[in-house]
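What follows is a single structure, written as structure tokens, with notes after it.
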Amino acid sequence: MSMIQQIRNRQGLLIVMIGIGMVGFLVPYDAVMALFSQNGSRDVGEVNGVAVSGAQYQMEVQERRRLGFSGDQLTEEVWNDITSSIVLGDDFSDLGLTVSDEEYEEMLFGTVFSPYMNRAFYSNAETKGFWQQNFDAMLGTDRGIADFMSYKRLIGAKRVREKYDNLVVSGIYSNSLEGKYDHAGTNRKVTFNYVFKSFNSIDETEVDVTDGDVKAYYKAHKDEAQFKQNAGRTITFARIPLQASAKDAALIEEGLNTIKTVWENTEASDSLFVSNENEAPFTATVLRKSDVETDVNEATFFDAKEGDLIGPYLKKTSYRLAKVMEFFSEPDSAACRHILLKADNAENAEEMAVLMKRADSLKRALRRGASFDDLAERFSEDPGSKSKGGFYDMFPRGRMVAPFENFCFENKPGSIEAVKTSFGVHLIEVMEHTDAVEQVRIALIERVIEPSPSTARESYGAASEFAIQATSRESFMQSAGDAGYATNSATDVLRNAQSVSGLRNATELVAWAYGAEAGEVSNPILVDKNYVVGYLDRITEEGAPLFEYVENEMRTGAVKEAKGELYSDRMVAGSMEEIATAVGSSVASATNIALKFPTVNGAGSLPEPDVVGMAFAIPVGNVSAPIVGNNGVWVIAPTSSTDAAAKSDYLTEQTTLLSRARGAATIRISNAMMDAADLEDNRN
Numbered sequence: 071m072s073m074i075q076q077i078r079n080r081q082g083l084l085i086v087m088i089g090i091g092m093v094g095f096l097v098p099y100d101a102v103m104a105l106f107s108q109n110g111s112r113d114v115g116e117v118n119g120v121a122v123s124g125a126q127y128q129m130e131v132q133e134r135r136r137l138g139f140s141g142d143q144l145t146e147e148v149w150n151d152i153t154s155s156i157v158l159g160d161d162f163s164d165l166g167l168t169v170s171d172e173e174y175e176e177m178l179f180g181t182v183f184s185p186y187m188n189r190a191f192y193s194n195a196e197t198k199g200f201w202q203q204n205f206d207a208m209l210g211t212d213r214g215i216a217d218f219m220s221y222k223r224l225i226g227a228k229r230v231r232e233k234y235d236n237l238v239v240s241g242i243y244s245n246s247l248e249g250k251y252d253h254a255g256t257n258r259k260v261t262f263n264y265v266f267k268s269f270n271s272i273d274e275t276e277v278d279v280t281d282g283d284v285k286a287y288y289k290a291h292k293d294e295a296q297f298k299q300n301a302g303r304t305i306t307f308a309r310i311p312l313q314a315s316a317k318d319a320a321l322i323e324e325g326l327n328t329i330k331t332v333w334e335n336t337e338a339s340d341s342l343f344v345s346n347e348n349e350a351p352f353t354a355t356v357l358r359k360s361d362v363e364t365d366v367n368e369a370t371f372f373d374a375k376e377g378d379l380i381g382p383y384l385k386k387t388s389y390r391l392a393k394v395m396e397f398f399s400e401p402d403s404a405a406c407r408h409i410l411l412k413a414d415n416a417e418n419a420e421e422m423a424v425l426m427k428r429a430d431s432l433k434r435a436l437r438r439g440a441s442f443d444d445l446a447e448r449f450s451e452d453p454g455s456k457s458k459g460g461f462y463d464m465f466p467r468g469r470m471v472a473p474f475e476n477f478c479f480e481n482k483p484g485s486i487e488a489v490k491t492s493f494g495v496h497l498i499e500v501m502e503h504t505d506a507v508e509q510v511r512i513a514l515i516e517r518v519i520e521p522s523p524s525t526a527r528e529s530y531g532a533a534s535e536f537a538i539q540a541t542s543r544e545s546f547m548q549s550a551g552d553a554g555y556a557t558n559s560a561t562d563v564l565r566n567a568q569s570v571s572g573l574r575n576a577t578e579l580v581a582w583a584y585g586a587e588a589g590e591v592s593n594p595i596l597v598d599k600n601y602v603v604g605y606l607d608r609i610t611e612e613g614a615p616l617f618e619y620v621e622n623e624m625r626t627g628a629v630k631e632a633k634g635e636l637y638s639d640r641m642v643a644g645s646m647e648e649i650a651t652a653v654g655s656s657v658a659s660a661t662n663i664a665l666k667f668p669t670v671n672g673a674g675s676l677p678e679p680d681v682v683g684m685a686f687a688i689p690v691g692n693v694s695a696p697i698v699g700n701n702g703v704w705v706i707a708p709t710s711s712t713d714a715a716a717k718s719d720y721l722t723e724q725t726t727l728l729s730r731a732r733g734a735a736t737i738r739i740s741n742a743m744m745d746a747a748d749l750e751d752n753r754n
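Residue numbers for the sequence shown follow my numbering, beginning at 71 and rising by one.
Here it is as structure tokens:
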């Protein structure tokens, strides 16, 4: 029976879990509240007339964070997935692109290759093994099933897009004529003499470039691709730390001392008492002696008696109060191999009895000398391990479902027994244990040392006072320096930036910058345990840049253009030697230059396609007119030209061109899709 079938058998519960749980315990509180905020209730964009709601976008982001995804690019990936599904959804449907349950399981445990799976989960053999065990173990709990289905939805959507991209890539072809041109571009060669005057060797005093010339150059060239700019904001910001005071820490310690007194005298169970104090379900904490030997507080656990209270004591940024519950020794990790006989319904006693009989038969076969590897390959329904003889290498407690790992940890290597779990019946053989280590099980109450409301008000007040005093950039920097606040600047911050100059979670600061005018100062914004006050230095609009932002580049271009015109006039007449003498240069030679690689050694680092193209275009023995190139001014005289040798086919060149085109196709598909779409992004 497949994993998906097991889920179908519990679909009633699963519907409740996904429907209610997504808004309850599966999605963090702040994400749920965000749905009722301004950002959650408004649309955050539109694609080809289809609105993207803030609720949908935020739920997708929070869902992936819950599944363990993170990083500055997470929100962009979610946005791209949503918009591409809108743009390409009809194409996916028309083409019949789907992912079956069987294909999904093959992606997780079989041989189906998925670039997304390799990138996100299976980057190496170790992570692949971990994730395969993780996926397999998810079906042991109701929440795990919900997680499994969330992964299935995400991975399935990625797989559909991969299939679409593969269809497009498969349609890319390089023909023999393209191969022939590529062969000629590489192997057709020209040799020429030249006189070259480098721009760098021409003193700027030789040309008179006025401010008017620079502005004229700007007007003529501002719309060129090299000068095109994205919309951006340049921000300077100051950090006003929000830190707990010594008084805050003392109050937290005092509160735990009060709890300690109550705990010493309560008749309630430790689990109930700790659950009430932590406002969370009770989970005992297990510590190994070797892990706490250097901790002056927690090392005392192993000198205490069961029932002793330890603390309050400081642990990093928290105060802890612990009660010693139990001492024991147990292997740190275990290895096993198993054969899984899956159940349609593990709560059906008759079905489980049948599976137990099958497991007993397999056990008898092993006693008669059968190979465990062969039996696992033939009978196991665990796709994550059957190809490896059912083997699971060293794993700690907490990785497997409880009955499975209890047998592995509590029995000696060599023990073989059938064990019932929520998956069905496992025939398990314990293979190996690490050495037993001393451990202690404790009940733990923990309080993070955080700023009290009064401390937060004081910090906010200081940040507000700073913002009021900063009426200009000069006063902003002066006030920050006087107060000892760290400042940073960020240039051309994009609209959807998640972090700014090392400041993570900076979306609110970025949103403010895109709604403010240059010279404005923000109100204090809470970011990463700091109140941040921003100053908007500059607004950069998309398209051609303003003159003042690119004046230096335009002046460089205008000077280069003037030098080219000046020396073109000086190099227009005479023999090559006479031209060289006139400009203080010499006649040099470039040998066997290919059109595909138009760089001349010793004549600047930039390619010179116009120069090399002219060398192929004019007859051997002729002298060119002056050519203004990328590195300087040229006059050339071709001396010889060699055609590329003919070939019977151009398969090598075609293969190279095809590989290059297909390698870039996926990115080009995405870019073309977004360029063609009527896309409006209002996330900030």
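Each residue gets a CB set at the ideal place from its N, CA and C atoms; glycine is no exception.
All of these numbers come straight from a predicted model, not from anything done at the bench.
Check	Outcome
CA-to-CA distance, residue 128 to residue 61, given in whole angstroms	The shown model of the chain, from 71 to 754, leaves out residue 61, and the question about it has no answer.
Length of the line joining the Cα atoms of residue 416 and residue 463	26 Å
Backbone CA spacing between residue 640 and residue 616 [nearest angstrom]	35 Å
Three-pair Cβ contact test at 8 Å for the region 261–269 versus the region 650–664	yes
8 Å Cβ cutoff, residue 201 in contact with chain C	Any reference to chain C falls outside this structure, which holds one protein chain only.
Contact between the region 637–656 and the region 667–682 (3+ Cβ pairs under 8 Å)	no
Beta-ladder partner(s) of residue 601, from DSSP	310 and 596
Reference residue 525; option with closest CA among 715, 696, 476 and 601	601
Segments assigned alpha helix (DSSP H), at least 4 residues, entirely inside the region 341–416	359–362
Rounded C-alpha distance that separates residue 595 from residue 552	21 Å
Straight-line gap, residue 325 to residue 597 (C-alpha atoms, nearest Å)	28 Å
Residue range of the alpha helix (DSSP H) that includes residue 523	523–539
The ligand MG heavy atom lying under 7 Å from the CB of residue 295	Looking for the ligand MG in the displayed structure turns up nothing, as the structure carries no ligands at all.
Spatial distance of residue 652 from residue 276 (CA atoms)	15 Å
Alpha-carbon spacing of residue 734 relative to residue 244, whole angstroms	14 Å
Opening and closing residue of the beta strand (DSSP E) in which residue 740 lies	Counting along the chain, residue 740 falls outside any beta strand (DSSP E), though it belongs to the alpha helix (DSSP H) covering 721–746.
Residue 231 versus 163, 207 and 203, residue with shortest Cα-Cα distance	163
Residue 249 classed as buried or exposed, judged by whether at least 16 other C-beta atoms fall within 10 angstroms	buried
Per DSSP, the bridge partner or partners of residue 462	406
Under 8 Å between C-beta atoms of residue 389 and residue 367	no
Other residues of its chain near residue 198: CB distance less than 6 Å, five sequence neighbours each side excluded	192
Burial state of residue 742 (16 or more Cβ within 10 Å)	exposed
Residue range of the alpha helix (DSSP H) that includes residue 660	Counting along the chain, residue 660 falls outside any alpha helix (DSSP H), though it belongs to the beta strand (DSSP E) covering 657–664.
Identity of the residues DSSP links to residue 468 by a beta bridge	Answer by DSSP bridge pairing: none, since residue 468 is not bridged.
Simplified DSSP state of residue 143, which is helix, strand or coil	coil
Residue from 403, 471 and 711 whose Cα sits closest to the Cα of residue 500	403
Neighbourhood of residue 254 by C-beta distance below 6 Å, restricted to the same chain and skipping five residues each side	714
Sequence-distant residues of the same chain with beta carbon closer than 6 Å to residue 685, five excluded per side	260, 262, 706 and 708
Burial state of residue 267, where buried means 16 or more other Cβ atoms lie within 10 Å	buried
Cβ-based neighbour list, residue 357, same chain, cut-off 6 Å, excluding 5 preceding and 5 following	510
Candidates 480, 512, 165 and 450: closest to residue 372 by CA position	512
Boundaries of the beta strand (DSSP E) in which residue 487 is found, first to last residue	486–491
CA-to-CA distance, residue 477 to residue 345, given in whole angstroms	28 Å
DSSP-derived helix/strand/coil call for residue 679	helix
Straight-line gap, residue 699 to residue 678 (C-alpha atoms, nearest Å)	6 Å
Local conformation of residue 690 per DSSP, three classes	coil
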